[in-house]
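Under our numbering, think of the first position of the sequence shown as 44, with each following residue one higher.
Think of the CB as a built atom: it goes at the ideal place given N, C-alpha and C, for glycine as much as any other residue.
Heads up: the structure comes next, in structure tokens.
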Amino acid sequence: MTGSTPPWKRRFHRREADQGPLDGPYSARDDERGPTDTGTAPLDSVADRGDLPATARTPAPAARRRAAAFRHKAGQGVRNGGQRARAALGHLADRIIELAPRVPVRDLATLRRQFPGLGPEELADRLVAGAAKGTATVGAGIGAAAMMPVPPAMPTELAAEVTGVAAIELKLIAELHEVYGVRPPGSLAQRSTAYLNSWSDERGVDVVKPSSLGSAMNSHMKRQLRQQIMKRMVRNLPNLMPFMVGAAVGAVMNRRDTRKLADRIRADLRKKQVPWSALDELPPLEGPRDALDMGALTKELGPKGSGPHPGGDGGH
């Protein structure tokens with residue numbers, strides 16, 4: 044049709060839904076642009092604001108809280124127990140150090156008179172047998188005393204056993220040195236220190252090295268002695284088993300440990316042994332002023348009613 048407007052130039056009428064003022068920026072209506080109020084977002088921390096709901100914190104489960112409390116108490120108990128154990132071991136070491144000079148020791152001449160006709164090895168066997176019997180008696184007595192153990196008394200029982208076993212084994216070590224002709228030189232206090240070193244190291248005294256013949260108790264030797272006592276107490280823990288089981292276990296373990304100690308000492312002394320024929324006449328050993336009664340010690344720590352230590356091989 045001549046004079047008609049081409050389709051691409053025709054103007055379409057606005058739809059009814061599009062009616063609205065076009066006075067906004069970029070010809071956009073206000074209802075399409077959303078709210079036009081100018082405001083600033085707060086940058087303050089919301090932790091201290093009281094107008095917001097508090098964040099709900101999930102409490103730890105009860106089992107977890109109990110476990111944490113138990114770990115804390117256990118750690119505190121271990122620390123306190125370790126301090127008490129170290130103090131007890133130090134006190135026990137001092138007791139054994141004070142006890143060592145009081146242990147009666149028979150010299151070689153006395154031993155040969157009491158066991159006539161025996162050579163060095165046979166005499167050493169008799170001494171070891173007597174000492175093993177004595178420590179077994181002590182172990183059986185302490186184990187029987189723990190049939191109905193009272194916890195506060197158990198450390199006392201252990202200390203009594205360690206002290207009794209130490210006295211018997213110190214006597215054995217000293218007399219084995221006499222039998223093999225390797226008496227440490229010096230006074231009673233010096234020899235006692237040498238025997239304590241031998242007991243804690245489980246080796247014979249080397250009379251050639253002056254370092255093994257301490258004239259006084261030093262801190263290094265006390266530390267070694269505490270370590271040896273700790274090992275002894277750990278080995279003796281089964282002796283405190285209740286219901287008389289500890290008596291049998293204590294006897295067997297003490298007998299075994301004493302024989303094991305004697306084997307090590309004898310093997311070491313054989314390397315330095317001096318034959319009896321080559322020994323100069325040694326002076327009699329100086330006896331302690333307040334000597335321990337080894338028979339009474341074994342009877343006191345042994346099972347009640349067991350009577351005196353049989354055999355007399357570990358006597359004086």
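- Is Gly177 near the ligand ADP, judged by its Cβ being under 7 Å from some heavy atom? The ligand content of the structure shown is nil, which means the ligand ADP is not present either.
- Message: Using only CA atoms, which one of Ala110, Leu328, Asp336, Arg107 lies nearest to Pro227?
- Response: Taking the first residue of the sequence shown as 1, we reach residue 227 at position 184. Out of Ala110, Leu328, Asp336, Arg107, Leu328 has the C-alpha closest to the C-alpha of Pro227.
- Query: Taking C-alpha atoms, which residue in Val292, Thr206, Lys176 lies nearest to Trp242?
  - Reply: What you label residue 242 is simply residue 199 of the sequence shown in a count that begins at 1. Per the Cα distances, Thr206.
- Message: Using C-beta distances below 7 Å, list every residue in its chain close to Phe158, excluding the 5 sequence neighbours before and after it, in chain order.
- Response: In the sequence shown, counting from the first residue as 1, residue 158 sits at position 115. The residues are Leu166, Arg169.
- Task: Following the continuous alpha helix (DSSP H) through Ala334, name the residue where it begins and the one where it ends.
- Result: One-based indexing of the sequence shown puts residue 334 at position 291. Counting along the chain, Ala334 falls outside any alpha helix (DSSP H), and DSSP gives it neither H nor E.
- Item | Cβ neighbours of Leu304 in the same chain (closer than 7 Å, five flanking residues each side left out) | Translated into the one-based positions of the sequence shown, residue 304 becomes position 261. Hits under 7 Å: Glu212, Glu245.
- Tell me which same chain residues have a C-beta within less than 6 Å of the C-beta of Val171, skipping the five on either side of it? Residue mapping note: residue 171 aligns to position 128 of the sequence shown, counting from 1. Excluding residues within five positions, the ones whose Cβ falls inside 6 Å are Ala305.
- Message: Can you find the residues in the same chain that come closer than 6 Å, C-beta to C-beta, to Leu135, ignoring five residues on each side of it along the sequence?
- Response: Here residue 135 corresponds to residue number 92 of the sequence shown, with the count starting at 1. Cβ within range, chain order: Ala202, Ile272.
- Message: As a quick exercise: from Ala209, Gly133, Val225, Thr180, pick the residue whose alpha carbon is nearest that of Gln316.
- Response: Walking along the sequence shown from the start, residue 316 turns up at place 273. Per the Cα distances, Val225.
- Residues in its own chain within less than 7 Å of Ala232 by CB, not counting five upstream and five downstream? Within the sequence shown, numbered from 1, the residue matching residue 232 stands at position 189. Excluding five sequence positions before and after Ala232, the CB atoms of its chain that fall closer than 7 Å to its own CB belong to Pro144, given in chain order.
- Task: Tell me whether Val277 is buried or exposed, calling it buried when 16 or more other Cβ atoms sit within 10 Å of its Cβ.
- Result: The residue labelled residue 277 in the question sits at position 234 within the sequence shown. Counting every other CB atom within 10 Å of its CB across the protein chains shown gives Val277 a total below 16, marking it as exposed.
- Note down, in chain order, each residue of its chain lying with its Cβ closer than 7 Å to the Cβ of Lys265, except the 5 sequence neighbours on either side. For the purposes of this step, residue 265 is taken as residue 222 along the sequence shown, with counting starting at 1. Same-chain partners within the cutoff: Ala136.
- Message: Assuming Gln157 is part of the alpha helix (DSSP H), what are its boundary residues?
- Response: Numbered from 1 along the sequence shown, position 114 holds the residue referred to as residue 157. Run containing Gln157: 151-157, per the alpha helix (DSSP H) assignment.
- Going by C-alpha distance, which of Glu324, Asn240, Ala217, Ala131 is nearest Pro147? Residue mapping note: residue 147 aligns to position 104 of the sequence shown, counting from 1. The residue with the shortest Cα to Cα distance from Pro147 is Ala217.
- Using the C-alpha atoms, what's the distance from Asn240 back to Leu268? Here residue 268 corresponds to residue number 225 of the sequence shown, with the count starting at 1. Here residue 240 corresponds to residue number 197 of the sequence shown, with the count starting at 1. Between Leu268 and Asn240, the C-alpha separation is close to 8 Å.
- Task: Round the Cβ separation of Leu151 and Leu325 to the nearest angstrom and send it over; I've been treating them as touching at under 8 Å.
- Result: Locating residue 151 in the sequence shown gives position 108, counting from the first residue. Locating residue 325 in the sequence shown gives position 282, counting from the first residue. Leu325 and Leu151 do touch by the CB rule: their CB atoms are close to 7 Å apart, below 8 Å.
- Message: Please classify Gly160 as buried or exposed, where buried requires at least 16 neighbouring CB atoms within 10 angstroms.
- Response: Here residue 160 refers to the residue found at position 117 of the sequence shown. Result: exposed.
- Message: If the criterion is Cβ atoms closer than 8 Å, does the pair Met296 and Gly182 meet it?
- Response: The count along the sequence shown starts at 1 and reaches residue 296 at position 253. The count along the sequence shown starts at 1 and reaches residue 182 at position 139. Yes. Within cutoff.
- Message: DSSP three-state label for Leu161, please.
- Response: Counting from one through the sequence shown, the residue named residue 161 turns up at place 118. Per DSSP, reduced to three states, the secondary structure at Leu161 is coil, with no helix or strand assignment.
- Out of curiosity, what's the CA-to-CA distance linking Pro215 and Asp300? Here residue 215 is taken as the residue at index 172 of the sequence shown, counted from 1. Here residue 300 is taken as the residue at index 257 of the sequence shown, counted from 1. Checking the sequence, you will find Leu at residue 215 rather than Pro. Their Cα atoms are separated by approximately 13 Å.
- Message: Assuming the contact rule is C-beta atoms closer than 8 Å, Ile308 and Gly247 should be a hit. Round their C-beta distance to whole Å, please.
- Response: Counting from 1 along the sequence shown, the entry for residue 308 is found at position 265. Counting from 1 along the sequence shown, the entry for residue 247 is found at position 204. 5 Å between Cβ atoms; contact.
- Apart from the five residues on each side of it in sequence, which residues of its chain come closer than 7 Å, Cβ to Cβ, to Leu340? In the sequence shown, residue 340 corresponds to position 297, counting from 1. Hits under 7 Å: Gly207, Ala210.
- Query: Along the chain, where does the alpha helix (DSSP H) that runs through Ala237 open and close?
  - Reply: Translated into positions along the sequence shown, residue 237 becomes position 194. Looking at the DSSP string, the run of the alpha helix (DSSP H) that includes Ala237 is 231-244.
- Task: Within 10 angstroms of the Cβ of Glu343, are there 16 or more other Cβ atoms? Answer buried if so, exposed if not.
- Result: Counted from its first residue, the sequence shown places residue 343 at position 300. The residue in question, Glu343, is exposed, as its Cβ has fewer than 16 Cβ neighbours within 10 Å.
- Item | Cβ neighbours of Leu132 in the same chain (closer than 7 Å, five flanking residues each side left out) | Residue numbering aside, residue 132 sits at position 89 when the sequence shown is read from its first letter. For Leu132, where only same-chain residues beyond five positions count, the Cβ hits under 7 Å are Arg269, Ile272, Met273.
- How long is the line joining the alpha carbons of Pro318 and Gly293, rounded to whole angstroms? Within the sequence shown, the letter at position 275 stands for residue 318. Within the sequence shown, the letter at position 250 stands for residue 293. Cα to Cα, Pro318 sits roughly 37 Å from Gly293.
- Message: Rounded to whole angstroms, what is the Cα-Cα separation between Val222 and Glu200?
- Response: The count along the sequence shown starts at 1 and reaches residue 222 at position 179. The count along the sequence shown starts at 1 and reaches residue 200 at position 157. About 33 Å.
- Beta-carbon spacing of Leu154, Leu219 below 8 Å: One-based indexing of the sequence shown puts residue 154 at position 111. One-based indexing of the sequence shown puts residue 219 at position 176. Contact: no.
- Message: If distances are taken between C-alpha atoms only, which option among Arg332, Ala291, Ser235, Arg114 comes closest to Pro346?
- Response: For the purposes of this step, residue 346 is taken as residue 303 along the sequence shown, with counting starting at 1. Selection Arg332, Ala291, Ser235, Arg114 evaluated against Pro346 yields Ala291 as nearest (Cα-Cα).
- Reference Glu204, options His263, Arg108, Arg275, closest by Cα: Position 161 of the sequence shown holds residue 204. Here the closest residue by C-alpha is Arg275.
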